[in-house]
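Below is one structure, written out as structure tokens; the observations come after it.
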Ligand SMILES: [Zn+2]
Ligand SMILES: [Zn+2]
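In the numbering used here, the protein residues as written are 1 to 241.
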């Protein structure tokens, strides 16, 4: 990447066995962060509105021994449900963000397109587009406006892998106009919301990160690791930072 590479001595999105698709424990990820010489690691697990594992996950993270020079942060990853920016996380988890007993941030994910009546899967969106009921611009508008609303609702968010949904629905981040990027950047800056440059999803790319960095958005590196061996391993993002 030629522009706007964030520091790669942090990993701001690491999953543990509290996520059913991840294989390493909180402690194994923590030890991997030490081996990789990281300064920061954000321990994150998937939630839905019905999830009950967040207190146990936070307790496991808080039981880790302090290590000089390594800051351990927490979060929950939740999808944006609909065009109003509803977030698929337990209300009490969202209410506790940033409090002493709560997670630090909610990582907002575009795992589906946030539709007018709930999440739309890629196959649904592709069908609507084939039928002429939805344009590429409509999809971008839904994703961006729902993201901005979810950021404002959450108060303490981080964007997990912005625009990762677009290639799955026949679009790309190149379809997001500069003015739309700038409007979203204003919301991100006003709310102090960091944005991941996500190694696993390889997004957002240089155009978006360059524009957002220039606008004052805080960019953070993340691997979205689901196993300890991937913690802090940046092949795409590179070793600069
Ligand atoms: Zn995700
Ligand atoms: Zn993730």
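Think of the CB as a built atom: it goes at the ideal place given N, C-alpha and C, for glycine as much as any other residue.
Everything numeric in this text was worked out from a predicted model, so none of it was measured.
Ranking 227, 43, 234, 89 by CA distance to the CA of residue 50 puts 89 first. Pairing residue 221 with residue 12 gives a Cβ-Cβ distance under 8 Å. Beyond the five residues adjoining it in sequence on each side, residue 171 comes within less than 8 Å, by CB distance, of 136, 139, 140 in the same chain, given in chain order. Residue 91 sits exposed, since fewer than 16 C-beta atoms from the chains shown fall within 10 Å of its C-beta. Where residue 212 is concerned, the enclosing alpha helix (DSSP H) starts and stops at 206-215. Taking every residue with its beta carbon within less than 6 Å of a heavy atom belonging to ligand 1 gives, in chain order, 77, 109, 111, 160, 161. The beta carbon of residue 216 is closer than 7 Å to those of 189 in its chain, skipping five residues each way along the sequence. DSSP, reduced to helix, strand and coil, places residue 108 within a strand of the structure shown. Contact between residue 39 and residue 69 holds, since their C-beta atoms are separated by about 6 Å, short of 8 Å. Counting only unbroken stretches of 3 or more residues, the beta strand (DSSP E) elements lying wholly within the segment 85-130 are 105-109, 113-115, 118-120, in sequence order. When C-alpha distances from residue 108 are compared across 36, 165, 124, the shortest belongs to 165. Ligand 2 has a heavy atom closer than 7 Å to the beta-carbon of residue 224.
A distance of 8 Å or more separates the beta carbons of residue 47 and residue 14. Across the set 127, 118, 151, 180, the C-alpha of 151 shows the shortest separation from the C-alpha of residue 77. Within the chosen limit of 7 Å, ligand 2 reaches the beta carbon of residue 13 through at least one heavy atom. With respect to residue 79, residue 119 sits close: the two C-beta atoms are nearer than 8 Å.
The beta carbon of residue 19 lies closer than 6 Å to those of 45, 46 in the same chain, with the five residues before and after it left out. Ranked by how close their Cα comes to the Cα of residue 183, the residues 174, 211, 160, 5 have 211 in first place.
Assignment of beta-bridge partners to residue 79 by DSSP yields 109. Just so you know, the alpha carbons of residue 81 and residue 32 end up roughly 33 Å apart. Distance check between residue 143 and each of 114, 214, 173 places 114 closest, using alpha-carbon atoms only. When beta bridges are read from the DSSP output, residue 45 appears opposite 76. It is roughly 15 Å from the alpha-carbon of residue 129 to the alpha-carbon of residue 112.
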